[in-house]
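In the working numbering, each residue carries its 1-based index in the sequence shown increased by 958.
The structure appears below as C-alpha coordinates.
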Amino acid sequence: MQLDLRKIFENDDEILAFQDQLDLSDVEISGSHPFVSPVFATGQVKSSAGAAQMNVTVEFDFSIPCDRCAEQIDRHYSYSFEHLLVRELNDEENDTYFQVENDTLDVSELLRADILLELPSKFLCKPECKGLCDVCGQNLNEGTCHCHDHDVDPRLEVLRQLMN
(Lines of atoms letter the chains of each structure in order from A and count residues from 1; the text may use other names and numbers.)
(Lines give C-alpha, C1' and ligand atoms only; values in the text may rest on other atoms or scores of the structure.)
Protein backbone atom coordinates (compact mmCIF):
# COMPACT_ATOMS: atom_id res chain seq x y z
CA MET A 1 0.00 0.00 0.00
CA GLN A 2 1.36 3.38 -1.02
CA LEU A 3 0.52 6.44 1.10
CA ASP A 4 0.73 9.92 -0.40
CA LEU A 5 2.09 12.08 2.43
CA ARG A 6 2.33 15.39 0.57
CA LYS A 7 -0.55 16.97 2.57
CA ILE A 8 0.91 15.61 5.81
CA PHE A 9 4.28 17.27 5.21
CA GLU A 10 2.80 20.55 3.95
CA ASN A 11 0.02 21.14 6.52
CA ASP A 12 0.16 21.14 10.31
CA ASP A 13 -2.41 19.08 12.21
CA GLU A 14 -3.19 16.94 9.16
CA ILE A 15 -4.13 13.30 9.88
CA LEU A 16 -4.26 10.43 7.41
CA ALA A 17 -5.89 7.21 8.66
CA PHE A 18 -5.37 3.94 6.80
CA GLN A 19 -6.12 0.22 6.87
CA ASP A 20 -4.31 -2.46 4.95
CA GLN A 21 -3.97 -6.22 4.62
CA LEU A 22 -0.54 -7.66 3.97
CA ASP A 23 -0.01 -11.09 2.48
CA LEU A 24 3.10 -12.58 4.11
CA SER A 25 2.32 -16.18 3.12
CA ASP A 26 5.50 -16.23 1.01
CA VAL A 27 7.74 -15.55 4.04
CA GLU A 28 9.74 -18.62 5.07
CA ILE A 29 10.93 -19.04 8.66
CA SER A 30 12.74 -22.19 9.81
CA GLY A 31 11.62 -24.10 6.72
CA SER A 32 7.90 -23.32 7.00
CA HIS A 33 5.47 -20.63 5.91
CA PRO A 34 3.98 -19.61 9.27
CA PHE A 35 1.69 -16.70 8.32
CA VAL A 36 -1.67 -18.50 8.08
CA SER A 37 -3.79 -15.36 7.78
CA PRO A 38 -3.35 -11.94 6.23
CA VAL A 39 -1.76 -9.31 8.44
CA PHE A 40 -4.36 -6.68 9.31
CA ALA A 41 -2.88 -3.21 9.79
CA THR A 42 -4.64 -0.10 11.04
CA GLY A 43 -2.93 3.17 11.66
CA GLN A 44 -2.59 6.85 11.13
CA VAL A 45 -0.01 9.36 10.04
CA LYS A 46 -0.10 12.72 11.80
CA SER A 47 1.80 15.84 10.76
CA SER A 48 4.20 17.34 13.24
CA ALA A 49 6.34 20.42 12.45
CA GLY A 50 7.41 19.44 8.94
CA ALA A 51 7.72 15.77 9.85
CA ALA A 52 5.15 13.04 10.42
CA GLN A 53 4.47 10.47 13.09
CA MET A 54 3.06 7.10 12.03
CA ASN A 55 1.39 4.77 14.53
CA VAL A 56 0.33 1.33 13.33
CA THR A 57 -1.15 -1.76 14.96
CA VAL A 58 -0.89 -5.13 13.21
CA GLU A 59 -2.61 -8.42 14.02
CA PHE A 60 -2.13 -11.85 12.49
CA ASP A 61 -2.31 -15.60 13.10
CA PHE A 62 0.92 -17.56 13.09
CA SER A 63 1.57 -21.32 13.01
CA ILE A 64 5.05 -22.84 13.27
CA PRO A 65 6.67 -25.97 14.77
CA CYS A 66 8.33 -25.63 18.18
CA ASP A 67 12.10 -25.33 17.79
CA ARG A 68 12.68 -27.94 20.52
CA CYS A 69 9.93 -30.58 20.29
CA ALA A 70 8.43 -29.93 16.80
CA GLU A 71 4.85 -29.65 18.14
CA GLN A 72 2.80 -27.20 16.10
CA ILE A 73 2.36 -23.79 17.76
CA ASP A 74 -0.67 -21.67 16.85
CA ARG A 75 -0.50 -18.08 18.07
CA HIS A 76 -2.23 -14.77 17.49
CA TYR A 77 0.16 -11.82 17.51
CA SER A 78 -0.60 -8.13 17.90
CA TYR A 79 2.16 -5.53 17.64
CA SER A 80 2.23 -1.74 17.63
CA PHE A 81 4.84 0.26 15.75
CA GLU A 82 5.75 3.92 15.69
CA HIS A 83 7.87 5.71 13.10
CA LEU A 84 8.97 9.31 12.67
CA LEU A 85 8.88 10.17 8.97
CA VAL A 86 10.83 12.96 7.28
CA ARG A 87 11.39 14.13 3.73
CA GLU A 88 15.15 14.43 4.12
CA LEU A 89 17.68 13.04 6.57
CA ASN A 90 20.37 15.40 7.81
CA ASP A 91 22.43 12.50 9.12
CA GLU A 92 22.48 9.33 6.99
CA GLU A 93 23.32 7.17 10.02
CA ASN A 94 20.33 8.40 12.02
CA ASP A 95 17.99 5.47 12.60
CA THR A 96 15.46 7.47 14.62
CA TYR A 97 13.84 8.88 11.47
CA PHE A 98 12.62 7.15 8.33
CA GLN A 99 13.11 9.02 5.07
CA VAL A 100 10.13 9.20 2.71
CA GLU A 101 11.12 9.69 -0.92
CA ASN A 102 8.85 11.63 -3.30
CA ASP A 103 6.29 12.07 -0.48
CA THR A 104 5.17 8.45 -0.97
CA LEU A 105 5.52 5.75 1.68
CA ASP A 106 5.32 2.02 0.94
CA VAL A 107 3.61 0.94 4.16
CA SER A 108 3.63 -2.76 3.21
CA GLU A 109 7.42 -3.00 2.98
CA LEU A 110 7.96 -1.02 6.17
CA LEU A 111 5.50 -3.18 8.13
CA ARG A 112 6.93 -6.38 6.68
CA ALA A 113 10.35 -5.42 8.06
CA ASP A 114 8.87 -4.34 11.41
CA ILE A 115 7.00 -7.62 11.86
CA LEU A 116 9.97 -9.82 10.97
CA LEU A 117 12.21 -7.91 13.38
CA GLU A 118 9.64 -8.14 16.18
CA LEU A 119 9.08 -11.91 15.97
CA PRO A 120 11.04 -14.02 18.46
CA SER A 121 14.22 -15.66 17.20
CA LYS A 122 13.24 -19.01 18.74
CA PHE A 123 9.70 -20.38 18.75
CA LEU A 124 8.82 -22.55 21.75
CA CYS A 125 5.52 -24.24 22.59
CA LYS A 126 6.13 -23.22 26.20
CA PRO A 127 9.15 -21.66 27.93
CA GLU A 128 9.96 -24.86 29.82
CA CYS A 129 9.81 -27.12 26.73
CA LYS A 130 12.19 -30.06 27.21
CA GLY A 131 12.48 -30.94 23.53
CA LEU A 132 13.18 -34.36 22.03
CA CYS A 133 15.56 -37.09 23.17
CA ASP A 134 18.56 -36.92 20.85
CA VAL A 135 18.82 -40.72 20.81
CA CYS A 136 15.28 -42.09 20.42
CA GLY A 137 13.25 -38.98 19.52
CA GLN A 138 10.87 -39.24 22.50
CA ASN A 139 9.07 -35.97 23.22
CA LEU A 140 10.37 -35.29 26.73
CA ASN A 141 7.35 -33.09 27.51
CA GLU A 142 5.12 -36.19 27.26
CA GLY A 143 7.32 -38.59 29.20
CA THR A 144 10.84 -39.72 29.91
CA CYS A 145 12.93 -42.17 27.96
CA HIS A 146 15.59 -44.53 29.25
CA CYS A 147 18.17 -44.04 26.52
CA HIS A 148 20.66 -42.22 28.70
CA ASP A 149 20.37 -44.49 31.74
CA HIS A 150 22.82 -47.03 30.35
CA ASP A 151 25.09 -45.13 27.98
CA VAL A 152 27.00 -42.78 30.27
CA ASP A 153 30.58 -41.87 29.54
CA PRO A 154 32.48 -43.00 32.67
CA ARG A 155 34.31 -39.66 32.77
CA LEU A 156 30.98 -37.89 33.17
CA GLU A 157 29.47 -40.26 35.73
CA VAL A 158 30.18 -37.79 38.54
CA LEU A 159 28.20 -35.10 36.71
CA ARG A 160 25.27 -37.48 36.16
CA GLN A 161 25.18 -38.22 39.87
CA LEU A 162 25.17 -34.49 40.63
CA MET A 163 22.25 -33.97 38.25
CA ASN A 164 20.22 -36.66 40.03
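Every residue gets a Cβ at the ideal spot worked out from N, C-alpha and C, and that includes glycine.
Keep in mind that this is a model prediction, so the values were computed, not measured.
Would you please state the rounded distance, in angstroms, between the beta carbons of V1044 and A1009? I believe it to be under 8 Å. Indeed, because the Cβ distance is near 5 Å, the residues count as touching under 8 Å.
Segment limits, alpha helix (DSSP H) that includes K965: Counting along the chain, the unbroken alpha helix (DSSP H) around K965 starts and ends at 964-968.
What is the DSSP secondary structure of Q1119, reduced to helix, strand or coil? Reduced to three states, the DSSP call for Q1119 is helix.
Quick check on the DSSP output: the beta strand (DSSP E) that includes I1022 runs from which residue to which? In the DSSP assignment, I1022 falls within the unbroken beta strand (DSSP E) covering 1009-1023.
Indicate the three-state DSSP secondary structure (helix, strand or coil) for V1058 in the structure shown. V1058 falls in the coil class under three-state DSSP.
Answer yes or no: do L1069 and L980 have a C-beta to C-beta separation smaller than 9 Å? Closer than 9 Å, so yes.
If you follow the alpha helix (DSSP H) that A975 is in, where does it begin and where does it stop? First-last for A975: 973-980, but that is the beta strand (DSSP E), not the alpha helix (DSSP H).
Rounded to whole angstroms, what is the Cα-Cα separation between P1085 and E968? Rounded to the nearest angstrom, the gap between the Cα atoms of P1085 and E968 is 49 Å.
What would DSSP say about R1033, mapped onto helix, strand or coil? R1033 falls in the strand class under three-state DSSP.
So which of T1000, S1006, D1025 has the shortest CA-CA distance to F1018? Answer by Cα proximity: T1000.
Nearest neighbour of I973, chosen from N1013, M959, R1118 [CA to CA]: Ranking N1013, M959, R1118 by Cα distance to I973 puts N1013 first.
Extent of the continuous beta strand (DSSP E) to which S1005 belongs: Run containing S1005: 997-1006, per the beta strand (DSSP E) assignment.
Would you give the residue range spanned by the alpha helix (DSSP H) that D1072 belongs to? Start and end: 1065-1076.
With a Cβ-Cβ cutoff of 9 Å, do F1039 and E1076 count as a contact? Yes, they are a contact pair.
Count Cβ pairs between the stretch 1053-1061 and the stretch 1088-1103 that sit closer than 8 Å; are there 3 or more? Contact fails: fewer than three Cβ-Cβ distances are below 8 Å.
DSSP three-state call for L1043: helix, strand or coil? The answer is strand: DSSP assigns L1043 an E or B state.
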